[in-house]
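These protein sequence lines map, in sequence, to chains W and R. Residues in the first sequence are numbered consecutively from 1, following this note's numbering. Residues in the second sequence are numbered consecutively from 1001, following this note's numbering. One structure below.
Number of protein chains: 2
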Amino acid sequence: MLMSDARSPQSLSIKDPSFDEAASVLRRSLSTRRLIIVVGNCRVDYEGRANSSLDWGERVLIVKKDGSVLVHRSSGYEPVNWQPSKCLFRIEAEKESLHIVAARPQQRETLSLHFNRILSVDSYELSDRGEFNLYVSEEQMKEAILARPDLIEEGFRPIVSEKNLGEAGFTDIMGEDSSSNLVVVEIKRVPAGKESVAQLNRYLNSIRKNLRRGLRGIIAAPELRKGTQGLLATMNLEFREVSPQKCAEILAQRQTRKISEFLRE
Amino acid sequence: MLMSDARSPQSLSIKDPSFDEAASVLRRSLSTRRLIIVVGNCRVDYEGRANSSLDWGERVLIVKKDGSVLVHRSSGYEPVNWQPSKCLFRIEAEKESLHIVAARPQQRETLSLHFNRILSVDSYELSDRGEFNLYVSEEQMKEAILARPDLIEEGFRPIVSEKNLGEAGFTDIMGEDSSSNLVVVEIKRVPAGKESVAQLNRYLNSIRKNLRRGLRGIIAAPELRKGTQGLLATMNLEFREVSPQKCAEILAQRQTRKISEFLRE
DNA sequence: ACGTCGATCTCGAAC
DNA sequence: GTTCGAGGTCGACGT
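If you want it as structure tokens, here you go:
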């Protein structure tokens, strides 16, 4: 190893490298788990769960320090080819090309790239401890409903969440209403369509047998997609408007209460 | 515009640019629809279908020529934040930071980035006309079965593909066996589990009423996930091993035949 | 390891 | 425009 880790710069960039240079940077960056960006003319072949080939063209290759691989074209949100993390690599500089193979050993999946021209190779040591927070997931809507069951209706009492129904899957929330009917709540963060109705119906069907009391199914979502109302009525199911925004407010309140309780102790 | 498109280089790279320089490169690259890579210390806020915040850290920002945006951390296949194509941008160089806003007007979604240090800005004009081909999708397995119905069984005759059953969805293939039973085939490219059984059963149930002849349901997949065999037997359904590889060979043959037929004309 | 489900899913096709 | 299903989905969580 010519360059010690301590002295390696945070970023390293070579324009128009030779294939040998590129291979050298790649190998060193992989072993020191840096993020690598290669831009150049390449073709890509994938073999695994399916097979794909991508003819010659200029693209961006990113290899991350966890061994994930992305091949991006000049357009499109999604990578044209990729490999999830924990890949193993083989790098070979040939006379007229650079050959990179990224393999996932257990899944028997390989991604193979041939570069016949490299515009640039960049390697970065990225320091990133920043916390990522996502607000108002379906999970958080569930928390909000558990904290404030009247979001479903007055007198609703949750009993269990994520009840395993075996075949049918998992209910989001099960509980009782004020008349002791069993209530199954299906939560959606986005407007609910017929697939949500089908899902809820599956849950109810798997519960209905052997049940001695009333059973209600409620979809809690910001809205129903059009055409879903009729289906819901046919199935004798119900809808409650529960918006992610409202849930966020409730969770924020709960957070505030937590803090105030802490201060009083 | 200081630099004409004709004279702009295929790749442009600035290390440790000032915020003004970075903003200038970004604006120019956006207007000329080049692919842009910015590496630096940033925080990211997203508001739209959900909300998210990402604290300071060093990341890779990619803006593509269709207006899609990717923010990648040093690990992980998926971008931590993103925006699909057709974004509109606002770029502002401030005293101590570069502010980038990528908005999707109709979806009311915005992604906001603040950089307080920029390691590099790179802009590329990528030429990429390469064709992408994915082999052995479920669609292609269907084609293979339609081309060679004996993949299902000797004497199987497909009648329709993608038959709409309304409520229940679409069958992959419907046909008849040698005893004139109606046969519904559900194709899976990956090992079939109980959800495939349920799906096939839905199709059969929606057909069974008013049917005067025998009805069979067959799952065509490379294999059954374990535990699925019993369910299949209980439901009186059947399984045929149909591998994507075999389908690929058949499609390749068909392709060959096409070519040979062409040569004979 | 397998199974299930959510996702700012994205993308495309059909209606 | 909306709806619907597929995806090399990925990733997380549970068994």
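Every residue, glycine too, gets a C-beta built ideally from N, C-alpha and C.
Collapsing the DSSP output to three states places W/T32 in coil. The C-beta distance from R/V1069 to R/A1102 rounds to 5 Å, short enough to fall under 8 Å.
Within 9 Å of the CB of R/K1065, the CB atoms of chain W belong to S74, S75, in sequence order along the chain. Of W/S53, W/E125, W/R73, W/N116, the smallest CA-CA separation from W/S31 is found for W/E125. Contact annotation: the segment 1186 to 1195 of chain R does not touch the segment 1149 to 1162 of chain R, with fewer than three C-beta pairs closer than 8 Å. Taking the CA atoms as reference points, W/S13 sits about 14 Å from R/G1040.
At least one CB of chain R lies nearer than 8 Å to the CB of W/N133. Taking a contact to require three or more Cβ pairs closer than 8 Å, the segment 170 to 187 of chain W and the segment 208 to 221 of chain W qualify as touching.
In the DSSP annotation of this structure, the continuous segment of the beta strand (DSSP E) that includes R/S1052 starts and ends at 1051 to 1063. Put simply, the CB of R/V1185 is far from chain W, with every gap to its CB atoms at 8 Å or more. Looking at the DSSP output, W/K15 shares a beta bridge with W/S120.
By alpha-carbon distance to W/C247, the top candidate from W/S29, W/V185, W/A147 is W/A147.
Here the segment 1106 to 1114 of chain R makes contact with the segment 1075 to 1094 of chain R; the two share three or more CB pairs at distances below 8 Å. In chain order, C1042, R1043, S1097, H1099 place their CB closer than 7 Å to the CB of R/H1114, counting only its own chain and leaving out the 5 sequence neighbours on each side. For R/Y1135, the uninterrupted beta strand (DSSP E) segment begins and ends at 1132 to 1135. Rounded to the nearest angstrom, the gap between the Cα atoms of R/P1244 and R/V1136 is 6 Å.
Chain-order list of chain W residues neighbouring R/N1051: Y135, V136, by C-beta distance under 7 Å. For W/S97, none of the residues of chain R pass the 9 Å Cβ criterion, the least Cβ distance being about 15 Å. When beta bridges are read from the DSSP output, R/L1088 appears opposite R/A1103.
By the Cβ-count criterion, W/A220 is buried, with 16 or more other Cβ atoms from all chains shown falling within 10 Å of its own Cβ. For a Cβ distance threshold of 8 Å, residue set L119 of chain W lies close to R/Q1010, ordered along the chain.
Along the segment 1080 to 1091 of chain R, the positions whose C-beta sits under 9 Å from a C-beta of chain W are V1080, N1081, W1082, Q1083, P1084, S1085, read in chain order. Within the DSSP bridge table, the entry for W/C42 names W/G57, W/F115 as partners. Taking R/R1208 as the centre and dropping the five residues before and after it, the same chain places the C-beta of L1215 closer than 7 Å to its C-beta, in chain order. The C-alpha of R/V1060 lies about 10 Å from the C-alpha of R/L1119. For R/M1174, DSSP records a beta bridge to R/V1160, R/V1184. Neighbours of W/V39 in chain R, taken as residues at a C-beta separation under 9 Å, are given in chain order as S1011, L1035, I1037, D1122, Y1124, L1126.
Counting only the Cα atoms, W/K65 lies some 6 Å from R/S1075. Interface criterion met: the Cβ of R/D1055 is under 8 Å from a Cβ in chain W.
Chain W places a beta carbon closer than 8 Å to that of R/R1129, counting this residue as a contact. For R/Q1010, the number of other beta carbons within 10 angstroms of its own is below 16, and it is reported as exposed. Beyond the five residues adjoining it in sequence on each side, W/S53 comes within less than 6 Å, by CB distance, of D45 in the same chain, given in chain order. In this structure, R/W1056 is the residue among R/M1174, R/I1091, R/I1187, R/W1056 with its C-alpha nearest to the C-alpha of W/N133.
In this structure, W/V71 lies away from W/L151, with their beta-carbon atoms at least 8 Å apart.
Taking a beta-carbon distance threshold of 8 Å, R/I1062 counts as an interface residue toward chain W. Proximity to W/G130 across R/L1204, R/R1073, R/R1027 peaks at R/R1073, based on C-alpha coordinates.
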